[in-house]
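S.K.:
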Amino acid sequence: MEQPKTSFASLIEKDREERTSHDWSGTFLDYLEKVRDTPEITTLSHARIYDMIMKKGVDLIGGADDPRLQRLFGDEPVKTYRFFSDEFFGMERTIQQFVRYFHSAALQGEESRQVLYLMGPVGSGKSSLVERLERGLEEAPPIFAIDGCPIREEPLHLIPRHLRREFEKMLNVRIDGDLCPVCRWRLKEEFGGRYEEMPVHTVSISKRARRGIAVVPPVDPNNQDTSVLIGSEDISKLDRFSEGDPRVLDLNGAFNAGNRGIVEFIEVFKNETEYLHAILTATQEKFVPAPGRHGTVYVDECIVAHSNEAEWQKFKSDHTNEAILDRIVMIRVPYNLRLSEEVKIYSKILGKSGYRHHIAPHTLDVAAMFAILSRLAPTPKCDLMTKLRLYNGEEVVEKGRAKKMDVDELRDESMSEGMSGISTRFIVKALDNALADSPEGITPIHIREALIAMVKGSEMPDDRRKHYMELLQDTIHKAYLDILEKEITRAFVYAYEEQAETLFQNYLDHAEAYINRTKVKDRNTREELQPDEAFLKSIEEQIAIIGTAAEGFRQEVIAYLWAATRRGEKVHYSSYEPLKDAIERKLTSSVRDISRIITKARTRDEDQREKYDQLVKNLLGNGYNAYSADVVLKYAANNLWKD
Numbered sequence: 001m002e003q004p005k006t007s008f009a010s011l012i013e014k015d016r017e018e019r020t021s022h023d024w025s026g027t028f029l030d031y032l033e034k035v036r037d038t039p040e041i042t043t044l045s046h047a048r049i050y051d052m053i054m055k056k057g058v059d060l061i062g063g064a065d066d067p068r069l070q071r072l073f074g075d076e077p078v079k080t081y082r083f084f085s086d087e088f089f090g091m092e093r094t095i096q097q098f099v100r101y102f103h104s105a106a107l108q109g110e111e112s113r114q115v116l117y118l119m120g121p122v123g124s125g126k127s128s129l130v131e132r133l134e135r136g137l138e139e140a141p142p143i144f145a146i147d148g149c150p151i152r153e154e155p156l157h158l159i160p161r162h163l164r165r166e167f168e169k170m171l172n173v174r175i176d177g178d179l180c181p182v183c184r185w186r187l188k189e190e191f192g193g194r195y196e197e198m199p200v201h202t203v204s205i206s207k208r209a210r211r212g213i214a215v216v217p218p219v220d221p222n223n224q225d226t227s228v229l230i231g232s233e234d235i236s237k238l239d240r241f242s243e244g245d246p247r248v249l250d251l252n253g254a255f256n257a258g259n260r261g262i263v264e265f266i267e268v269f270k271n272e273t274e275y276l277h278a279i280l281t282a283t284q285e286k287f288v289p290a291p292g293r294h295g296t297v298y299v300d301e302c303i304v305a306h307s308n309e310a311e312w313q314k315f316k317s318d319h320t321n322e323a324i325l326d327r328i329v330m331i332r333v334p335y336n337l338r339l340s341e342e343v344k345i346y347s348k349i350l351g352k353s354g355y356r357h358h359i360a361p362h363t364l365d366v367a368a369m370f371a372i373l374s375r376l377a378p379t380p381k382c383d384l385m386t387k388l389r390l391y392n393g394e395e396v397v398e399k400g401r402a403k404k405m406d407v408d409e410l411r412d413e414s415m416s417e418g419m420s421g422i423s424t425r426f427i428v429k430a431l432d433n434a435l436a437d438s439p440e441g442i443t444p445i446h447i448r449e450a451l452i453a454m455v456k457g458s459e460m461p462d463d464r465r466k467h468y469m470e471l472l473q474d475t476i477h478k479a480y481l482d483i484l485e486k487e488i489t490r491a492f493v494y495a496y497e498e499q500a501e502t503l504f505q506n507y508l509d510h511a512e513a514y515i516n517r518t519k520v521k522d523r524n525t526r527e528e529l530q531p532d533e534a535f536l537k538s539i540e541e542q543i544a545i546i547g548t549a550a551e552g553f554r555q556e557v558i559a560y561l562w563a564a565t566r567r568g569e570k571v572h573y574s575s576y577e578p579l580k581d582a583i584e585r586k587l588t589s590s591v592r593d594i595s596r597i598i599t600k601a602r603t604r605d606e607d608q609r610e611k612y613d614q615l616v617k618n619l620l621g622n623g624y625n626a627y628s629a630d631v632v633l634k635y636a637a638n639n640l641w642k643d
């Protein structure tokens, strides 16, 4: 029992040492020496946030080296920031714009005097992005502030204006801002104007303590009071001090609390327009009025606001709001539209929850399919499931043709995609319901049933409910049956990967010979043979590549894989998505009859029972438990291979 106590004690002591190592206090003169050595300790809020993000590191994704990422992002690589990478998925472009704002603001350009406004549907990640910044500030090293200042202001404000240019040269920094009324009074009355003796100390940012982070919810229009933003006068002190005495000030408004950090406005356009002008003054002029007759207070803070698109459109349509609109940097935060990233979102949320139930393979994929499909706009160029695959970076060819579909064209014709549809919260509620109802574990069948029940019980327009029900009962049902058939095939076929690879290599040999008008050398007998067109067609027809389209498809496959080989990539059967799909369908068709007989049979002979037991064993090895394997096999018996 002694060891755990020692471990706890050492952990506590180590944490205390790390925290106290950042503590510092001294006079303003001492602080000037620290600034001379490390000028970056005086950086303003936007620059501090930008440095905090960049300190974690930046990665480049996309470009010509990765075909899948190139299909998603084009030839120009996209920056991804490690500060956000573990928590945000499918938001690369949004986060890139987000960081670009802080970069420009850090250089003290026009963005530093504008409100950062995030616009998007509910549950798209607006609040989460701001919360990540707030947590980052709390974890960052403390800032230096005048000891006793109610708004923790920068100590350099103590330097008189007529000396600032000289100090800026000596310290290699830029000095902005003025002392708050409280510190002006203290400097004069307590220190006799000897600002070099004013005490300075370090202070950490804390959201809970409202130090450097302030959150402002929508205010009732009938009870709007600017004291929420700028503080007030403490009337209990008026019997001791005169009304003009700064000691009566209670600088606890949002702009005061968020000084040196962030002020977050939730659902900002629910406030009256007059209320918003105070926000503009704070961001544009960097000053806010002090309560009563105490002049102004300089503030250094990043003002971030967010709301949904409906409120933004309503606000923007009023021409009287042009002055406010001109001082806003708007960033769209749409829903994620990539299947693989949506699955990561659910995995992250479930990982933080208390659920430890078994989740069968493809369960989260089916839930993610519904979410993504609900967010996509229909197009005459392809069905929604094909569009989903394209947006996921998969290589897709049009049925019966070798031509590849253009993802950029689809995006350009649907610029508002991702601004509506099913939210992440809706899906997570369905997962919660399914997990609560099935303690043995959940399968794609369970989550689809939970989603159907939630759609039926939700308040939404009838046409939208009808569309969602069609997605669940038809589109996703068919997509899952296709997945399930491949899953059973994979469990049924002995050495599935090896057989798929053999088919793949044979296809390459015969396709290359067909294109180059050469012969195929048999791998075993070394005999030279004519390319087997019947074999090639048997693969291609699985994805409806027939007739004249076949030759173009073969050329595309060989060119694609030759380029991959040149890049040093290992080529295997799943390297080219359309060919992978065709090979898997070929394998599925080869065992379809025996799969149907064995899964549907009520009674099995010894040979069938042995095959069925092996099938179950393979499913268990592929991530199922006994319960989920039984559920999906019964579902397959009732829905696949109908007589």
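All the letters of the sequence shown, read from the start, carry residue numbers 1 to 643 under full-length UniProt numbering.
Note that CB positions come from ideal geometry on N, CA and C, so glycine has one too.
Bear in mind the structure is a predicted one, so any value in this text is a computation, not a measurement.
(1) Quick one: give me the first and last residue of the beta strand (DSSP E) that residue 527 is part of.
(2) Among residues of its own chain, excluding the 5 on either side of residue 13, which ones have a beta-carbon nearer than 7 Å to its beta-carbon?
(3) So what does DSSP say about residue 149, is it helix, strand or coil?
(4) Beta-carbon within less than 7 Å of residue 447's beta-carbon, same chain only, minus the 5 sequence neighbours each way: which residues are those?
(5) Use the C-beta contact count for residue 638: other C-beta atoms within 10 angstroms, 16 or more gives buried, fewer gives exposed.
(6) Nearest to residue 77 by CA position, among 96, 86, 89, is which residue?
(7) Does the Cβ of residue 622 have 16 or more other Cβ atoms within 10 Å, making it buried, or fewer, making it exposed?
(8) Considering only C-alpha positions, which residue in the set 354, 331, 479 is nearest to residue 130?
(9) Measure the CB-CB distance between residue 203 and residue 152 and report whether it falls below 8 Å.
(10) In the DSSP assignment, find the beta strand (DSSP E) that holds residue 113 and state where it starts and stops.
(11) What first and last residue would you give for the alpha helix (DSSP H) that runs through residue 101?
(12) Between which two residues does the alpha helix (DSSP H) holding residue 497 run?
(13) Does DSSP put residue 459 in a helix, a strand or coil?
(14) Would you kindly report the start and end of the unbroken alpha helix (DSSP H) that includes residue 621?
(15) In whole angstroms, what is the alpha-carbon distance linking residue 491 and residue 588?
(16) Looking at C-alpha atoms only, which residue of 335, 334, 469, 361 is the closest neighbour of residue 347?
(17) Spatial neighbours of residue 625 within its chain, please: CB distance less than 7 Å, with the 5 preceding and 5 following residues excluded, ordered by chain position.
(18) Under three-state DSSP, which class holds residue 439?
(19) On the CB-based measure, 16 or more other CB atoms within 10 Å of its CB, does residue 378 come out buried or exposed?
(20) Rounding to the nearest angstrom, what Cα-Cα distance links residue 102 and residue 295 in this structure?
(21) Leaving out five residues before and five after residue 510 in sequence, what residues of the same chain have Cβ atoms less than 7 Å from its Cβ?
(22) Tell me where the beta strand (DSSP E) around residue 287 begins and ends.
(23) Can you tell me whether residue 588 is helix, strand or coil according to DSSP?
(24) Is the CB-CB distance between residue 178 and residue 157 below 8 Å?
(25) To the nearest whole angstrom, what separates the beta carbons of residue 254 and residue 214, a pair I think is in contact under 8 Å?
(26) List the residues that DSSP assigns as beta-bridge partners of residue 302.
(27) Near residue 384, which residues of its chain fall below 6 Å by C-beta distance, leaving aside the five closest residues on each side in sequence?
(28) Give the DSSP-derived three-state secondary structure of residue 79 in the structure shown.
(29) If you draw a straight line from the C-alpha of residue 244 to the C-alpha of residue 185, how long is it?
(30) Measuring only the C-alpha atoms, how far is residue 647 from residue 423?
(31) Run the CB neighbour count on residue 416, radius 10 Å, all protein chains shown included, and call it buried at 16 or more, exposed below.
(32) Between the C-alpha atoms of residue 356 and residue 340, what's the straight-line distance to the nearest angstrom?
(33) Give the straight-line distance between the Cα atoms of residue 478 and residue 485, rounded to the nearest whole angstrom.
(34) Report yes if the C-beta of residue 70 is less than 7 Å from at least one heavy atom of the ligand GDP; otherwise report no.
(35) Along the chain, where does the beta strand (DSSP E) containing residue 59 start, and where does it finish?
(36) Considering only their Cβ atoms, is the gap separating residue 114 from residue 304 smaller than 8 Å?
M.R.: Put simply:
(1) The count along the sequence shown starts at 1 and reaches residue 527 at position 527. Where residue 527 is concerned, there is no enclosing beta strand (DSSP E), given that its DSSP letter is neither H nor E.
(2) Within the sequence shown, residue 13 is the residue found at index 13, counting from 1. There are no such residues.
(3) Mapped onto the sequence shown, residue 149 falls at position 149. The answer is coil: DSSP assigns residue 149 none of H, G, I, E or B.
(4) In the sequence shown, residue 447 corresponds to position 447, counting from 1. The residues are 363, 366, 367, 430, 431, 434.
(5) The sequence position of residue 638 within the sequence shown is 638, counting from 1. Per the 10 Å Cβ criterion, exposed.
(6) Taking the sequence shown and counting its residues from 1, the one referred to as residue 77 is at position 77. Across the set 96, 86, 89, the C-alpha of 96 shows the shortest separation from the C-alpha of residue 77.
(7) Here residue 622 corresponds to residue number 622 of the sequence shown, with the count starting at 1. Result: exposed.
(8) Counting from one through the sequence shown, the residue named residue 130 turns up at place 130. Nearest C-alpha to residue 130: 331.
(9) Walking along the sequence shown from the start, residue 203 turns up at place 203. Walking along the sequence shown from the start, residue 152 turns up at place 152. Yes, the pair counts as a contact, with Cβ atoms nearer than the cut-off.
(10) In the sequence shown, residue 113 corresponds to position 113, counting from 1. First-last for residue 113: undefined, no H or E at that position.
(11) Here residue 101 refers to the residue found at position 101 of the sequence shown. Run containing residue 101: 92-106, per the alpha helix (DSSP H) assignment.
(12) Counted from its first residue, the sequence shown places residue 497 at position 497. It spans 496-516 - the alpha helix (DSSP H) in which residue 497 sits, taken as one unbroken run.
(13) Residue numbering aside, residue 459 sits at position 459 when the sequence shown is read from its first letter. Correct three-state label for residue 459: coil.
(14) In the sequence shown, the residue the question calls residue 621 occupies position 621. It spans 606-621 - the alpha helix (DSSP H) in which residue 621 sits, taken as one unbroken run.
(15) As a first step, residue 491 must be located in the sequence shown, where it is residue number 491. As a first step, residue 588 must be located in the sequence shown, where it is residue number 588. Residue 491 and residue 588 have their C-alpha atoms some 11 Å from each other.
(16) Within the sequence shown, residue 347 is the residue found at index 347, counting from 1. Between residue 347 and the set 335, 334, 469, 361, the nearest pair of CA atoms involves 361.
(17) For the purposes of this step, residue 625 is identified with residue 625 of the sequence shown, where counting begins at 1. Apart from the 5 residues on each side of it in sequence, residue 625 sits with its Cβ closer than 7 Å to the Cβ of 358, 441 in its chain, given in chain order.
(18) Within the sequence shown, the letter at position 439 stands for residue 439. Residue 439: coil per DSSP, three-state reduction.
(19) Position 378 of the sequence shown, counted from the start, is the residue given in the question as residue 378. When all chains shown are included, residue 378 counts as exposed.
(20) Walking along the sequence shown from the start, residue 102 turns up at place 102. Walking along the sequence shown from the start, residue 295 turns up at place 295. Residue 102 and residue 295: Cα-Cα distance of roughly 30 Å.
(21) To locate residue 510, count along the sequence shown from 1; it is residue 510. Result list for residue 510: 520, 531, 532, 535, 536, in chain order.
(22) Position 287 of the sequence shown holds residue 287. For residue 287, the uninterrupted beta strand (DSSP E) run begins and ends at 287-289, by DSSP.
(23) Stepping through the sequence shown from its first residue, residue 588 is reached at position 588. It is helical.
(24) Counting from 1 along the sequence shown, the entry for residue 178 is found at position 178. Counting from 1 along the sequence shown, the entry for residue 157 is found at position 157. The answer is yes: Cβ separation under 8 Å.
(25) The count along the sequence shown starts at 1 and reaches residue 254 at position 254. The count along the sequence shown starts at 1 and reaches residue 214 at position 214. Right, the Cβ-Cβ distance comes to about 4 Å (below 8 Å), so this counts as a contact.
(26) Indexing the sequence shown from 1 puts residue 302 at position 302. Paired residue(s): 262.
(27) By one-based count along the sequence shown, residue 384 stands at place 384. Hits under 6 Å: 373, 376.
(28) Here the question's residue 79 lines up with position 79 in the sequence shown. DSSP places residue 79 in strand when its eight states are reduced to three.
(29) The count along the sequence shown starts at 1 and reaches residue 244 at position 244. The count along the sequence shown starts at 1 and reaches residue 185 at position 185. The straight-line gap from Cα to Cα measures roughly 11 Å.
(30) Nothing in the structure corresponds to residue 647, since the chain is present only between 1 and 643.
(31) The residue given as residue 416 occupies position 416 in the sequence shown. It is exposed - the Cβ of residue 416 has fewer than 16 other Cβ atoms within 10 Å.
(32) In the sequence shown, the residue the question calls residue 356 occupies position 356. In the sequence shown, the residue the question calls residue 340 occupies position 340. Rounded to the nearest angstrom, the two C-alpha atoms are 22 Å apart.
(33) For the purposes of this step, residue 478 is taken as residue 478 along the sequence shown, with counting starting at 1. For the purposes of this step, residue 485 is taken as residue 485 along the sequence shown, with counting starting at 1. Taking the straight line from one Cα to the other gives about 11 Å.
(34) Although the ligand GDP was asked about, the structure shown includes no ligands whatsoever.
(35) Working through the sequence shown from its first residue, we reach residue 59 at position 59. Element bounds for residue 59: 58-61.
(36) If you number the sequence shown from 1, residue 304 lands on position 304. If you number the sequence shown from 1, residue 114 lands on position 114. Contact flag unset, no.
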